[in-house]
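> Residue numbers (the numbering used here): 36 to 401.
Input: one structure, supplied below.
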Amino acid sequence: MSPTSPILPEQLSLWHEMIGRATNIVITAHRGPDGDAIGSATALCSWLRRCGKRATIVVPNYFPDFLHWMPLAKEILVYDGHEADVKPAVEAADLLIMCDHGELNRMWTLGELVATTTAPRIMIDHHLNPDTTAAQLIISRPELSSTCELLMQLMLADEGIEPMTHDEAVSLYTGMMTDTGAFTYASNNPDIYELISLLLTKGIDKDKIYRNVFFTYSIERLRLMGYMLYAKLEVMKKIHCSLMTFTEAERRRFNIKAGETEGLVNLPLQMRGMKLSIFLREDSERPVIRVSLRSVDDFPCNEMAARFFNGGGHKNAAGGEVVGTMDDARKQVQRALTKYMPMLKESPLSPSSTTSGPAIGGSSAD
Ligand code: 5GP
Ligand code: MN
36 MSPTSPILPE
46 QLSLWHEMIG
56 RATNIVITAH
66 RGPDGDAIGS
76 ATALCSWLRR
86 CGKRATIVVP
96 NYFPDFLHWM
106 PLAKEILVYD
116 GHEADVKPAV
126 EAADLLIMCD
136 HGELNRMWTL
146 GELVATTTAP
156 RIMIDHHLNP
166 DTTAAQLIIS
176 RPELSSTCEL
186 LMQLMLADEG
196 IEPMTHDEAV
206 SLYTGMMTDT
216 GAFTYASNNP
226 DIYELISLLL
236 TKGIDKDKIY
246 RNVFFTYSIE
256 RLRLMGYMLY
266 AKLEVMKKIH
276 CSLMTFTEAE
286 RRRFNIKAGE
296 TEGLVNLPLQ
306 MRGMKLSIFL
316 REDSERPVIR
326 VSLRSVDDFP
336 CNEMAARFFN
346 GGGHKNAAGG
356 EVVGTMDDAR
366 KQVQRALTKY
376 MPMLKESPLS
386 PSSTTSGPAI
396 GGSSAD
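Shown next, in the form of structure tokens:
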């Protein structure tokens, strides 16, 4: 049994045509790059180099320390703060490949720069509602767990498993693992495990990859977890929902670095009967409150994010923001909860609200 290929023959032939014409390729990822963004970008970069191309990875901003061990991570160019150095690399590209983002505006200022360039673009992504004008070739599969899964399928369709390197397998596995919370959500599709068993034939140490990503907290971050759960967690039991807030003052007090609050939003869902977790965080750069939403079962975080927080995402993991203070954000949360009250009241433990069978529909994180 081999995994079903989601790559259409016409996509593969356009891929060949566009890659064939290119010599200097720039690979981009979304702002706040995560394991899937860095994993897909680095695996693709290595693959393109094997094919004799010049390839460079450019990301909009800093990516977290727990991904710095990844293959090729040291070569990644960061646009924020290095604009003058990175701009020429982007402008020199004769092909741009967007990894793990379906719109240029997910890259903020780097997206603005890319929009001024004339090189053709390819999109490889799994987010809902991609901007179909953003690239000439769009390989978008929102039903897949991760961009890494999609990229691996593209590699298999193109050349099979044989030429794949150990490091490419490490990158691909990392993205599949991080976008599924180590295969605890959006991961019921049997194909994922077919792909993983192929990756294991490359000699990857999946247990070590897990530790590299998830067991890397600083003492500050671990203490923050304790503080957040002890002092900041608000639980609205009747509507199976929780709320945590995090301010800049707290960031300074606990000496927390950018990216280190990642994952805190998932913790309250470990409580029995929880359906929705909301995390509000003061942005360190702009006067906005960043909103993170996580849910179980059918609660549509992406819909709530789009309607109330000017954002989007996936069914069980979405985000957005509120322009204003923490109080403004709390008020907006209240409005959102009021709107979704009937759905939230229903217990997630009741059999009627649990999904059965493979849930492969767009519920991954990023
Ligand atoms: P997080 O809570 O980790 O910041 O974001 C979870 C997911 O929600 C992301 O992977 C992304 O798909 C989506 N998301 C987060 N922030 C935004 C936003 O401002 N706009 C949109 N469209 N999606 C977002
Ligand atoms: Mn992703």
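We put the CB at the ideal spot given by N, CA and C, even for glycine.
Using 8 Å as the cut-off, can you tell me whether the segment 127-136 makes contact with the segment 104-113, which would need three or more C-beta pairs spanning the two stretches below that distance?
Because the criterion of three Cβ pairs below 8 Å is not met, the segment 127-136 and the segment 104-113 do not touch.
> Give a yes or no on contact between the segment 292-299 and the segment 331-341, applying the rule of three or more CB pairs nearer than 8 Å.
Flag = no, the segment 292-299 and the segment 331-341 do not touch.
> Tell me whether Val248 sits in a helix, a strand or coil according to DSSP, three-state version.
DSSP places Val248 in helix when its eight states are reduced to three.
> Would DSSP call Arg176 helix, strand or coil?
In the structure shown, Arg176 sits in coil (DSSP, three-state: anything other than H, G, I, E or B).
> Beta carbon of Ala64, beta carbon of Val94: below 8 Å?
Yes, these two residues count as a Cβ contact at 8 Å.
> Per DSSP, Gly355 is paired with what?
Gly355 pairs with Val326.
> Residue range of the beta strand (DSSP E) that Asp160 falls in?
Per DSSP, Asp160 belongs to the beta strand (DSSP E) from Arg156 to Asp160.
> For my contact list, Arg182 and Gly210 are in at a C-beta cut-off of 8 Å; report their separation, rounded to the angstrom.
Going by the sequence as given, residue 182 is Thr instead of Arg. So it is a contact: roughly 6 Å between Cβ atoms.
> Should Lys237 be flagged as near chain D, meaning a C-beta pair shorter than 8 Å?
Absent from the structure: chain D. Only one protein chain is present.
> Suppose you measure from the CA of Met36 to the CA of Ala192; what does that come to, to the nearest Å?
Its pLDDT being 49, under 50, Met36 is placed unreliably in this model, and the value from its coordinates should be taken loosely. Each residue's Cα considered, the two are about 15 Å apart.
> Answer with buried or exposed for Gln369, where buried requires no fewer than 16 other C-beta atoms within 10 angstroms of its C-beta.
By the 10 Å Cβ count, Gln369 comes out exposed.
> Compute the Euclidean distance between the alpha carbons of Cys276 and Arg89, then round it to the nearest angstrom.
Each residue's alpha carbon lies about 49 Å from the other.
> Pull up the DSSP beta-bridge partners for Leu112, would you.
In DSSP, Leu112 forms a bridge with Val93.
> What does the Cβ neighbour count give for Ser48, buried or exposed, with the cut at 16 atoms within 10 Å?
Ser48 should be labelled exposed.
> Under the criterion of a Cβ to heavy atom distance below 7 Å, does Val270 qualify as lining ligand 1?
No.
> Within the present structure, is the beta-carbon of His161 separated from the nearest heavy atom of ligand 1 by less than 7 Å?
Flag unset: Cβ of His161 not near ligand 1.
> Between which two residues does the alpha helix (DSSP H) carrying Arg316 extend?
Note, Arg316: premise wrong, no alpha helix (DSSP H); beta strand (DSSP E) at Leu311 to Glu317.
> Relative to the C-alpha of Ala170, which candidate in Met53, Lys237, Asn290 and Ala371 has its C-alpha closest?
If we check each option's Cα against that of Ala170, Met53 comes out closest.
> Rounding to the nearest angstrom, what Cα-Cα distance links Gly396 and Arg325 in this structure?
Per-residue confidence for Gly396 stands at a pLDDT of 36, beneath the threshold of 50, marking its modelled position as unreliable; the derived number appears in the next sentence. Going by the C-alpha atoms only, they are around 25 Å apart.
> Quick check on the burial criterion: 16 or more other C-beta atoms within 10 angstroms. Buried or exposed for Ser330?
Looking at its Cβ environment, which holds 16 or more other Cβ atoms inside 10 Å, Ser330 is buried.
> Can you name the residues that DSSP bridges to Val61?
For Val61, which the question treats as bridged, DSSP gives the partners Thr91 and Leu131.
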